[in-house]
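Here's the structure we're looking at; comments come further down.
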Ligand SMILES: [Zn+2]
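Numbering (the numbering used here), first residue to last: 2 to 463.
Structure representation (structure tokens):
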């Protein structure tokens, strides 16, 4: 018989289901990885019981864009993203990336995923494009090990850059791969890790880094292989590259993507702050999703996407924290708050802004859809028990509890949650990751970053 858990007498369960059901003073019965029942006074026999009487429980958040390896280069005033242009920033940051080895990959991934879990995220996508002389082809293997240690669901994006600097890319020579190398590694990774079944803990996505830093052939061949192997596709789009694309191909990036077929309901892009209204229509019609990352837009001083207009055009918009070189944390609750504030800031010129609850559904339901999953994203019978709880029996939340759906972004609930559960397993509770010795790991991570990065760039790290 499978393990049964009962979270009993939960003050509010915000399901994010199609009817926007909120259950009050109810129980969640979990069997194995799945939610079996939600209701009042469910039988406790044979169950491990958790008291939910002071909890609001939400579906686990789904992060749809990140670069885990960048958690090793945070808090850098010597390379100050808000005060320089992206092109200059790339020139300054890439020499650091070139020194990264698999020890840095492993520990920076643990750092990112720990931060995600502590702030309610249960499924994370990472866009991994850091392949250096010392990493070889193995960063995703190290990341899979880190994800499995912490107990988070992990979708790995096999990124790449194939265009040499002399041909117009911004990539150091030692980080450029060939299309054939990348394709061979994509196939290897799918065989090793891609599990499309319900309750999957690991999936692979093909994700050439960005159109200006790879050959078009890399995109078309990865696309063909992805469709053959039935995996999803991802890239950066609309984050400042349009003038270069127009110069190089005579068209904007989305038109280029449409022409080569890198578009559709198995594709999502990150950012999109350069997209124009007519392009929103094309995204919507083609079923292509967008990962909105508010941090790099706000911190970089770039335009804020018009989410109400995107939704009217039928675009599925999800939420990402983005890599830690442009968002120094991996806290998705913080990104949720930032996205909500940024949308509200534009409300008078756009005829309104999404509610806090609508933004929460971007980070849950829409995130699951972006990753092509129907087993996560909401709290419903038959879905995976991926959830997080906040304890609302505290003075600072008094006066807010009458509207659990809107609480998080509206009231700035961005701290560590009380409990995070992935597939029925509690992985974080009351300030402690239950799967690792956090103290030892943090010492080790700092030592690895110090040796591989800080000691080599004293002018940057001080
Ligand atoms: Zn990115």
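By construction, the Cβ of each residue, glycine as well, lies at the ideal position given by its N, Cα and C atoms.
Only a predicted model underlies this, so the values are computations on that prediction, with no experimental measurement involved.
query: Within 8 Å, do at least three Cβ pairs link the stretch 33-40 to the stretch 247-263?; result: no
query: Is the number of C-beta pairs between the stretch 396-407 and the stretch 380-388 that are closer than 8 Å three or more?; result: no
query: Comparing alpha-carbon positions, which option in 422, 420, 419, 400 lies nearest residue 412?; result: 400
query: Smallest Cα separation from residue 243: which of 212, 270, 226, 219?; result: 212
query: Would you call the stretch 153-160 in contact with the stretch 205-223, where contact means no fewer than 3 C-beta pairs closer than 8 Å?; result: yes
query: Hey, quick one: how far does the alpha helix (DSSP H) through residue 97 stretch, first residue to last?; result: 87-98
query: Closest to residue 332 by CA distance: which of 81, 341, 321, 342 is it?; result: 321
query: Let's test the definition: count the other Cβ atoms within 10 Å of the Cβ of residue 89 and tell me whether it reaches 16, buried, or not, exposed.; result: exposed
query: Between which two residues does the alpha helix (DSSP H) holding residue 403 run?; result: Counting along the chain, residue 403 falls outside any alpha helix (DSSP H), and DSSP gives it neither H nor E.
query: Closer than 7 Å to a non-hydrogen atom of ligand 1 - does that hold for the CB of residue 156?; result: no
query: With respect to the alpha helix (DSSP H) encompassing residue 363, which residues constitute its N-terminal and C-terminal limits?; result: Residue 363 -> no alpha helix (DSSP H), and no H or E assigned at all.
query: Between the alpha carbons of residue 1 and residue 43, how many angstroms are there, rounded?; result: Beyond the ends of the chain as shown, which are 2 and 463, falls residue 1; an answer cannot be given.
query: Tell me which residues pass a beta-carbon proximity test against ligand 1: closer than 6 Å to any heavy atom, given in chain order.; result: 66, 68, 128, 237, 271, 323, 324
query: Pick helix, strand or coil for residue 204, following the three-state DSSP scheme.; result: strand
query: Three-state secondary structure (DSSP) at residue 311?; result: helix
query: Exposed or buried, which one is residue 395 when buried takes at least 16 other CB atoms within 10 Å?; result: exposed
query: May I have the straight-line CA-CA distance separating residue 459 from residue 173, to the nearest angstrom?; result: 21 Å
query: Looking at the secondary structure, which residues open and close the beta strand (DSSP E) in which residue 237 lies?; result: 233-238
query: When you compare the CB positions of residue 190 and residue 153, do they come within less than 8 Å of one another, or not?; result: no
query: Rounding to the nearest angstrom, what Cα-Cα distance links residue 246 and residue 256 in this structure?; result: 10 Å
query: According to DSSP, what are the bridge partners of residue 122?; result: 62
query: Should residue 204 be labelled buried (16 or more other beta-carbon atoms within 10 Å of its own) or exposed?; result: buried
query: Rank 61, 300, 56 by C-alpha distance to the C-alpha of residue 426 and give the top, closest one.; result: 61
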